[in-house]
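Residue 128 in the UniProt record's numbering is what sits at position 128 of the sequence shown, and the numbering runs on without skipping anything.
Ideal Cβ positions, reconstructed from N, Cα and C, are used throughout, including at glycine.
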Amino acid sequence: MTAPRRVLCLSGSLRRVSSNTAALEAAQRLAPAALELVGYAGLGELPLFNPDNDVEPLPVSVLALRDAVGRADALLVACPEYAHGVPGAFKNLLDWLVGSLEFPGKPVLLLNTAARGSYHAQEALDEILRTMSAQLLTTQPSTVSLPGAGCTTAQVLASAERCAELRAALAILVEALPVA
């Protein structure tokens, strides 16, 4: 039997009850056997990025992030939009990956969980990730139309439509990550 492909799930939200995190947790539960989805919970632990500090020894939280990215075959990203942009905490996470050896060429699939068609942060993420040499798996984010802030994993899983949207996104990952 072949080992499943490891996908690191990155939520761009620090919110306790986050629709983006809920979508990623639901995706973990819906993942086919070909994929192992693993959540990353260290977003709030990362120090503010300063290029002067991107030297050995790196902070433990940065080492953990880079290790998690390095062990992943792909990244699944769900990020909210704040003031028409990428939340500062998530941009900080990406800044810590800019100089890493683990990130360039990494396959990335973006999820857009905004029911009302939030697109500014998605466009910014697309630009940032391309600049960082990510391999974006689609030209547009995969849409999972959640009702907004405060949506739980149970609510996502209770919706046949949301589950179908997540399964479609997971199918993109399966197709993009052939079994080794």
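A Cβ-Cβ separation of about 7 Å places residue 27 in contact with residue 169 under the 8 Å criterion. If only uninterrupted alpha helix (DSSP H) runs of at least 4 residues are considered, those enclosed by the segment 133-180 are 153-158, 160-176. Taking a contact to require three or more Cβ pairs closer than 8 Å, the segment 33-46 and the segment 132-152 do not qualify as touching. Within the DSSP secondary-structure output, residue 119 pairs in no beta bridge. Between residue 76 and residue 111, the C-beta gap is smaller than 8 Å, which places the two residues in contact.
According to DSSP, residue pairing for residue 108 in a beta bridge involves 75, 136. Within the DSSP bridge table, the entry for residue 114 names 146 as partners. Linking residue 41 to residue 11 through their CA atoms gives a straight-line distance of about 8 Å. Under the DSSP assignment, residue 25 falls in the alpha helix (DSSP H) whose first and last residues are 19-30. In the three-state DSSP reduction, residue 56 falls in the coil class, being neither helix nor strand. Of the candidates 155, 156, 86, 101, the residue whose Cα lies closest to the Cα of residue 123 is 86.
Judged by DSSP in its simplified three-state form, residue 36 adopts strand. Each residue's CA atom was taken as its position, placing residue 4 and residue 113 some 26 Å apart.
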